[in-house]
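Down below is the structure, laid out as structure tokens.
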Amino acid sequence: MTTTVPAAPRTTPRSAAVGSMIGTTIEWYDFYLYATATALVFKPLFFPNVSSTAGTLAAFGTYAVGFGARPLGAVISGHLGDRVGRKAVLVGALLLMGIATTAIGVLPTYAQAGILAPALLVVLRLLQGLAVGAEWGGAALLSVEHATPGRRGLFGSFTQLGSSAGMLLATGVFYLVRTISGDAAFLSWAWRVPFLLSFVLVVVGLVIRLRLTDAPVFERLKASGETARLPVVEVLRTQPRNVVLTTGLRLSQIALFVLLTTYSLTYLQNTFGKDSSVGLVAVMVASAIGLVSTPLWGHLSDRFGRRPPYLFGSLAGIVALVLFFLAADSGSAVAVVLAIVFGVNVVHDAMYGPQAAWFGELFDTRVRYSGASLGYQIGAVLSGGFAPLIAAALLVAGDGRPWLIVAYFAGLAVLTFVSAWFARETNSEGLA
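Counting from 1, position 331 in the sequence shown corresponds to residue 1357 in this note's numbering; the numbering is continuous, with no gaps.
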């Protein structure tokens, strides 16, 4: 008598979308914790013996390091994800991110370990970058490949929700810990608490992620033995145009988000003071609204196409950035909140909502993980990773006026607009 082991239950489109969102939320919580700490904590604790401007540049430099590691994470995960499977890579990415983030919470500061402290900070940021480089492509494809035709924009946007949810969680925890502990205790020890909480969140994420399965479209490919031997090489050889276009589609989207949610925290200190929480509050409000606006834009892209929201968002981003700087310099907290909400939820999310579906649909199943990840992460490096660093330098070059920053962003916006114009419209296509 033989015993039949029941097959694992198939992952439904809804469970794939929710599972991707929860896992990505935890990944982005960890990544955005670093971004928030860069603006509020790392300069005095890890770069205390330099001028204020140099300390800001050094802190944002370590922030950029994480973006620099993301293409390497995309290459490694793309190879494994297109050959072994999406789920296996996602589990590894979540573990790596959790270990790196928790370790930041126990790092010695410069006062305790000297130059070793910022050196270790850079190493752990590199590990975070590798993890995020691996995360997005797999999570996006898990949602998009499981989704029913005509709803890939909506279901793919659930992966994007992880960004808003992660940002809301990260800024909310930072704000709560800072408020409860007070500024002195926060700078002394309490800043570590949000990083240490990552361990608990990662355990929850692993329990959920381990229950998911790869989509039938990939499993059929794998069963047939037709997976690409070197998927990264193949996608660069056969579909270089789509890699370039997806890179361009990322440029103004990620730059706008980083400038409004990370660099803004530093810029607002010039007007509202170092102890002000107006920036954190504005980012939390925008992140909460993003839980609705992101899937709304994804749904609209299912009805009207991926390209129209992107064309709008790329050019409207210039207006949004101008409005933010005018609001910040006005000294009105309400104006700042409204400007950030407009820039993030109306403008940025118009591009971010349809992004997972559009990037996934542009590539074949054999190389989809590699192609989508490469475009996504290379664009993040060229734009998002260096945006705060470039903005800080341009502010100095502009004698404290932000208009050089706007000009720099306008150049990125034009590149994204051109990329959206030339990218293939895919919302009515099937997955090849």
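Glycine included, every Cβ here is placed at the ideal spot set by N, Cα and C.
Does the segment 1171-1191 come close enough to the segment 1319-1338 that 3 or more CB-CB pairs lie under 8 angstroms?
yes
Alpha carbon to alpha carbon, how far is Val1110 from Thr1028? Give it in angstroms, no decimals.
Here the model assigns Thr1028 a pLDDT of 42, short of 50, so the residue's position is not dependable and the matter cannot be decided.
Can you grab the Cα-Cα spacing for the pair Thr1287 / Ala1418, in whole Å?
14 angstroms
Excluding sequence positions up to five away, which residues of its chain have a Cβ less than 6 angstroms from the Cβ of Ala1095?
Leu1152, Gly1155, Leu1156
Enumerated in chain order, which unbroken segments of the alpha helix (DSSP H) with a length of 4 residues or greater are wholly contained in the segment 1099-1154?
1112-1130, 1136-1139
Between the segment 1157-1175 and the segment 1382-1399, do three or more beta carbon pairs fall short of 8 angstroms?
yes
Hey, how far is the Cα of Gly1411 from the Cα of Ser1313?
20 angstroms
Rank Thr1174, Ala1119, Pro1134 by C-alpha distance to the C-alpha of Leu1236 and give the top, closest one.
Ala1119
Thinking just about the alpha-carbon of each residue, which of Asp1108, Phe1073, Glu1171, Ser1103 is nearest to the one in Ile1141?
Phe1073
Cβ separation of Gln1295 and Ser1302, assumed to be a contact under 8 angstroms, to the nearest whole Å
7 angstroms
His1374 and Pro1257: beta carbons closer than 7 angstroms?
no
Mind checking Ala1433: buried by the 16 CB within 10 Å criterion, or exposed?
exposed
Do Pro1335 and Ala1398 count as a contact pair if the criterion is CB distance below 7 angstroms?
no
Between Val1199 and the rest of its own chain, which residues show a CB-CB distance below 6 angstroms, the 5 nearest in sequence each way excluded?
Pro1220
Mind checking whether Leu1415 and Ala1145 have CB atoms under 7 angstroms apart?
no
So, Leu1227 versus Ile1052, is the Cβ gap smaller than 7 angstroms?
yes
Per DSSP, what kind of secondary structure is Gly1339 in: helix, strand or coil?
helix
For Met1377 and chain C, any beta-carbon pair shorter than 7 angstroms?
Considering every chain present, this structure includes no chain C. It has just one protein chain.
For Trp1215, is the classification buried or exposed, using 16 other Cβ atoms within 10 angstroms of its Cβ as the cut-off for buried?
exposed
Give the secondary structure of Gln1279 by DSSP, where H, G and I count as helix, E and B as strand, and everything else as coil.
helix
Given Ile1130 as reference, the closest of Leu1116, Leu1122, Leu1150 once Cα atoms are compared:
Leu1150
Run the CB neighbour count on Trp1217, radius 10 Å, all protein chains shown included, and call it buried at 16 or more, exposed below.
buried
In three-state DSSP terms, what is Gly1182?
helix
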